[in-house]
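See below for the structure under consideration.
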Amino acid sequence: MPVSPAHEVAATLGGGCFWCLEAVFRDVRGVETVVSGYAGGHVENPSYEQVCTGTTGHAEVVQLTFDPEVIGYTDLLEIFFSIHDPTTPDRQGADVGPQYRSVIFYHTPEQREAAEDVIRRLEGQGLWDAPIVTQVVPIEAFYPAEAYHQRYFERNPHQGYCQAVIAPKVAKFRRAHAHLLKGNGAPPGARRRAAAE
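Whatever position you read off the sequence shown (first residue = 1), add 1096 for the numbering used here.
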């Protein structure tokens, strides 16, 4: 697992192709690192080709380190649920297979509780026509993906998949969550603290 400074916390999320999640979370204020990789399977150090067979049990995920003084775990989950469809088992758009499942790998009991609370609240709001199928499971192992998967959108912005799938997701995120972008406004935690005073 990547080593992070003492003030940082890890979050591991899967919601379709990791290129999409990575591109969005790299823009989020308070997120220090984003690593595309694999989690939830039974094969050690799987390759992309192995994961794509759908037989290793892994999901494509991003593992983030973030500063909880700048952005909260619940804020990250709100973003996560706004940028993928959590109602489609083993699928995001044209990407089909168990590696594309919606999953939250929690690192602490508090993260599990937060994830379950967010899911309950979102289901109560009736935002989707189908129930949320996002799995909430403990993180056991995280394997970073191959180097060519890291910063994929940043390095390949004109590639077909990037233009057709990733760019619209990033644009939607930037419109809906402009206040959470790096360089925009006060940190979410600062707004909450100011409102409480």
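Note that CB positions come from ideal geometry on N, CA and C, so glycine has one too.
The C-alpha of threonine 1161 is placed about 11 Å away from the C-alpha of arginine 1122. Annotation note: the segment 1237–1272 contains the following uninterrupted beta strand (DSSP E) runs of length 3 or greater, listed N- to C-terminal: 1238–1240.
At the C-beta level, tyrosine 1196 and glycine 1112 come within 7 Å of one another.
Beta-carbon to beta-carbon, serine 1198 and threonine 1170 are separated by about 17 Å, too far to satisfy the 8 Å threshold.
Between glutamate 1242 and tyrosine 1144, the gap from beta carbon to beta carbon is short of 7 Å. Leucine 1117 sits buried, since 16 or more C-beta atoms from the chains shown fall within 10 Å of its C-beta.
In the structure shown, the three-state DSSP call for valine 1157 is strand. With a 10 Å radius around the Cβ and a threshold of 16 neighbouring Cβ atoms, tyrosine 1239 comes out buried.
Per DSSP, reduced to three states, the secondary structure at threonine 1108 is strand. Between valine 1166 and threonine 1108, the gap from beta carbon to beta carbon reaches 7 Å or more.
Cβ-Cβ distances below 7 Å link phenylalanine 1176 to Leu1109, Gly1111 in the same chain, with the five nearest sequence neighbours on each side left out; the list follows chain order.
For serine 1178, the three-state secondary structure derived from DSSP is helix. Leucine 1277 counts as exposed, since fewer than 16 other C-beta atoms from the protein chains shown sit within 10 angstroms of its C-beta. DSSP, reduced to helix, strand and coil, places valine 1130 within a strand of the structure shown. Burial of tyrosine 1248 is indicated by the presence of at least 16 other C-beta atoms within 10 angstroms of its C-beta. Note on proline 1205: under 16 other CB atoms within 10 angstroms of its CB, so exposed under the neighbour-count rule. Spatial neighbours of threonine 1183 in its own chain (CB-CB distance under 7 Å, excluding positions within 5 residues in sequence) are listed in chain order as Trp1224, Ala1226, Pro1227, Ile1228, Val1229.
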